[in-house]
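Beneath this line is the structure, given in C-alpha cells, with notes to follow.
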Amino acid sequence: MSRPSESRMTTPEDPYRPGLKEDFDRLYRSTYRRIFATLMLILRNPAAAEDATQEAYMRGFRAWGDWKQDAPAEAWMYRIALNVAFTHRRRDRLHEIGEVLRRLGRPNEPDPGELEQTDLIRALRSLPAKQAAAIVLRHLHGFTNREIAVALNVPERTVASRLAAAKQRLRSRLGDQSRLEMGISTTSTVPLEE
C-alpha cells in the first residue's frame, strides 16, 4: 500500500458503511498519516511503525464488515492500530531481553537518532505505552475522552486517569517546557472530562 494523502474527517452527511470497500479506502486515506505518526511515537522506529500500520490496516480491512457504527470508524481503526503496536512492543521487548541476556556485560551504545530528538519526544517515549497513546490521541489528534475510550477499548474514566497521569509525568519531566511544546499546562484548555 502506498501512503495516502490526508483528507477531511467523515461528516454525518458522509458516514462510513461497514463492509463497503470504498468506505474502507476512504477511512484509510483519511487516517493513515495520523495513525502512522501515533505508532511512530509508541514504537520509536520508522520501520516498525510502518509495519504495524500496514498490519493494522490489513486487520481492519478483514474486520470491516464486522465494524459496528455505534463507535466512530476512526476510533475503531485507532483501537486496532494501538493493539498491533502494543503487541509489537511486547514482542520487541522480549527480543531485546533475549539480546541483553546474550550480551551480558556489554554496554549499549546510545542510538544517534535519539540524541537529536526533542525533549518532548523523549518524554513521551518515557511514558507507559497506554498513557502515551492517550496523550497523543488527545493533544496531537484532538480526540475527545469518548473517542479515546473507544480507540483504546477502555472506560472514559480510565482515559481521564491515564491523561492525568501522563500530564503529571510530562510536567515533572519537562517543567515549563511542556506548556511551550505541547500546550499542556497546569491550567490546560482541554478538560479531562467531556
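Numbering of the sequence shown is given in the numbering used here, commencing with residue 61 and proceeding in unit increments.
Note that beta-carbon positions come from the ideal geometry of N, C-alpha and C, so glycine has one too.
Can you check which of these residues, the options, is closest to residue i by C-alpha distance?
{"i": "A141", "options": "S186, T204, L234, Y88", "result": "Y88"}
{"i": "G79", "options": "A133, Q228, T147, A112", "result": "A133"}
{"i": "D111", "options": "R149, H199, W124", "result": "R149"}
{"i": "R229", "options": "A107, W124, Q191, Y92", "result": "Q191"}
{"i": "D152", "options": "A123, A107, A116", "result": "A107"}
{"i": "K81", "options": "I181, R122, N205, N143", "result": "R122"}
{"i": "N213", "options": "T113, P188, N143, Y117", "result": "N143"}
{"i": "P75", "options": "K128, L99, Y117, N205", "result": "K128"}
Using only the alpha-carbon positions, how far apart do residue i and residue j sit?
{"i": "T178", "j": "A226", "result": "17 Å"}
{"i": "D126", "j": "A193", "result": "24 Å"}
{"i": "R231", "j": "A97", "result": "22 Å"}
{"i": "I208", "j": "D130", "result": "14 Å"}
{"i": "L99", "j": "T204", "result": "19 Å"}
{"i": "P188", "j": "R77", "result": "34 Å"}
{"i": "E216", "j": "L197", "result": "13 Å"}
{"i": "A109", "j": "Y117", "result": "12 Å"}
{"i": "R206", "j": "Y92", "result": "21 Å"}
{"i": "E115", "j": "H199", "result": "25 Å"}
{"i": "T113", "j": "I181", "result": "20 Å"}
{"i": "R166", "j": "S90", "result": "At R166 the pLDDT is 48, less than 50, meaning the model places this residue with poor confidence and gives no usable figure here."}
Since residue i and residue j are thought to touch, with beta carbons under 8 Å apart, how far apart are those beta carbons, to the nearest angstrom?
{"i": "D183", "j": "L223", "result": "It should be noted that the sequence gives Ala, not Asp, for residue 183. About 15 Å; that fails the 8 Å criterion."}
{"i": "R94", "j": "H201", "result": "6 Å"}
{"i": "R139", "j": "A220", "result": "Wrong, their Cβ atoms sit about 18 Å apart, outside the cutoff."}
{"i": "R185", "j": "R104", "result": "6 Å"}
With hydrogens ignored, establish whether the beta-carbon of residue i is closer than 6 Å to any heavy atom of the ligand NAP.
{"i": "N143", "result": "With respect to the ligand NAP, the structure shown offers nothing to examine, as it has no ligands at all."}
If we call anything under 7 Å between Cβ atoms a contact, is residue i one with residue j?
{"i": "A145", "j": "I195", "result": "no"}
{"i": "F84", "j": "W124", "result": "yes"}
Reducing DSSP to helix, strand and coil, say where residue i ends up.
{"i": "F131", "result": "The residue you asked about is not Phe; residue 131 is Ala in the sequence shown. Coil at A131, not helix or strand."}
{"i": "V214", "result": "coil"}
{"i": "Y117", "result": "helix"}
{"i": "F84", "result": "helix"}
{"i": "T178", "result": "coil"}
{"i": "T204", "result": "coil"}
{"i": "N143", "result": "helix"}
{"i": "G235", "result": "coil"}
{"i": "L184", "result": "helix"}
{"i": "Y138", "result": "helix"}
{"i": "G125", "result": "helix"}
{"i": "R166", "result": "Bear in mind that the predicted position of R166 carries a pLDDT of just 48, short of 50, making it too unreliable to give a figure here."}
{"i": "R94", "result": "helix"}
{"i": "P75", "result": "coil"}
{"i": "R229", "result": "helix"}
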